[in-house]
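Counting from 108, one number per residue, gives the positions in the sequence shown under my numbering. For each residue, glycine too, the CB sits at the ideal point set by N, CA and C.
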Amino acid sequence: MHAAARHNRAPIRHREPYGHADKGQPLNEQRLSERLERVAAHVPAGARLADIGSDHGYLLVALMNRGLISAGVAGEVAVTPFQAAQRSVRENGLSERISVRLANGLAAIEPADAITAISLCGMGGETIRDILDSDKAHLSGSERLILQPNGGEQPLRQWLMEHDYRILAEEVLRENRFDYEIIIAERSGPVPYTDQELYFGPLLLQERSEAFLTKWQRRLRLKQRTLSHLTQARQAVPEEKLHALKQQISWITGLLAQASS
Ligand SMILES: C[S@@+](CC[C@H](N)C(=O)[O-])C[C@H]1O[C@@H](n2cnc3c(N)ncnc32)[C@H](O)[C@@H]1O
Numbered sequence: 108m109h110a111a112a113r114h115n116r117a118p119i120r121h122r123e124p125y126g127h128a129d130k131g132q133p134l135n136e137q138r139l140s141e142r143l144e145r146v147a148a149h150v151p152a153g154a155r156l157a158d159i160g161s162d163h164g165y166l167l168v169a170l171m172n173r174g175l176i177s178a179g180v181a182g183e184v185a186v187t188p189f190q191a192a193q194r195s196v197r198e199n200g201l202s203e204r205i206s207v208r209l210a211n212g213l214a215a216i217e218p219a220d221a222i223t224a225i226s227l228c229g230m231g232g233e234t235i236r237d238i239l240d241s242d243k244a245h246l247s248g249s250e251r252l253i254l255q256p257n258g259g260e261q262p263l264r265q266w267l268m269e270h271d272y273r274i275l276a277e278e279v280l281r282e283n284r285f286d287y288e289i290i291i292a293e294r295s296g297p298v299p300y301t302d303q304e305l306y307f308g309p310l311l312l313q314e315r316s317e318a319f320l321t322k323w324q325r326r327l328r329l330k331q332r333t334l335s336h337l338t339q340a341r342q343a344v345p346e347e348k349l350h351a352l353k354q355q356i357s358w359i360t361g362l363l364a365q366a367s368s
């Protein structure tokens, strides 16, 4: 099995009820979660969109029903969500306009699809990075990437930088007690980002929105608790791990101190 697919089998740190909104109303192709609505807002009008890891296919079906995309490819590595996407597309009468493919990562994309945007959402940042990295041959380089990692944003941004992608937009949003980030990128030539920009997000760091600062206040508390457990641990903790954690705590403390001054 592909490493990325294997990695994604176990839920990451998120336990978002992907199928249900807060108030118990079902989410579907008519009623997307706020997270997917924000992702949808970054899809260029008229795009030919490949949604990799589409699960139920709600994003593509919603965008097509709203007349916002001109063609869609739903890629799924697992049979049950693949069948769910097939059903959503069929029941919405969109089989001619959205192709549903059982495939690993970007292998779902064929040259004839002439894809102009790719979304990879609701997976760990490392999984998204691994999918992009192992399937680089399927990228033309002119597609917009619309990424919504569940954690692991830093390694994903690192990959984007190393492959000449510029981050065009970033968002933080909170839904069902989870903080989500959305990263939009296009290949444009070398863009050097600093370590802190890769960690916090270059545009999020500039903007310092309320949602962003609140997210990092919560993260700081968690990291301080982890550091205190590690320093009291009976077993030796690798020095590098402690160093990285202390570095992050120092960055977050600095960020929050600047914001409150
Ligand atoms: C948690 S769901 C997210 C679904 C949807 N994208 C969303 O954001 O609501 C992740 C989906 O990605 C699929 N997936 C994981 N690795 C994949 C890969 N390498 N190629 C295609 N799909 C993958 C999983 O089977 C699962 O259905």
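At a cut-off of 6 Å, the beta-carbon of G182 counts as near ligand 1: some heavy atom of the ligand is closer than that. Ranking Q324, T338 and Q354 by CA distance to the CA of A364 puts Q324 first. Annotated three-state conformation of V168 is helix, per DSSP. Taking the Cα of S357 as reference, the smallest distance to any Cα among D220, K330, V168 and L170 is reached at K330. The DSSP assignment places 309 to 314 as complete runs of the alpha helix (DSSP H) inside the stretch 304 to 337, in order along the chain (cut-off: 4 residues). Here E277 is buried. Its C-beta has 16 or more other C-beta atoms within 10 Å. Here E141 is not near V168, since their CB atoms are 7 Å or more apart. If the five residues before and after S295 are omitted, its C-beta is found closer than 8 Å to the C-beta atoms of D271, Y272 and R273, all from its own chain and listed in chain order. Judged by DSSP secondary structure, D286 falls within the beta strand (DSSP E) whose first and last residues are F285 to R294. Considering only H163, L209 and K353, the residue with the shortest C-alpha distance to A191 is H163. About 7 Å separates the beta carbons of M268 and L305, which is inside the 8 Å limit, making them a contact pair. When C-alpha distances from R264 are compared across E183, S161 and I289, the shortest belongs to I289. N211 has its Cβ nearer than 6 Å to a heavy atom of ligand 1. The stretch 247 to 257 makes no contact with the stretch 182 to 197: fewer than 3 CB pairs, one atom from each, lie closer than 8 Å.
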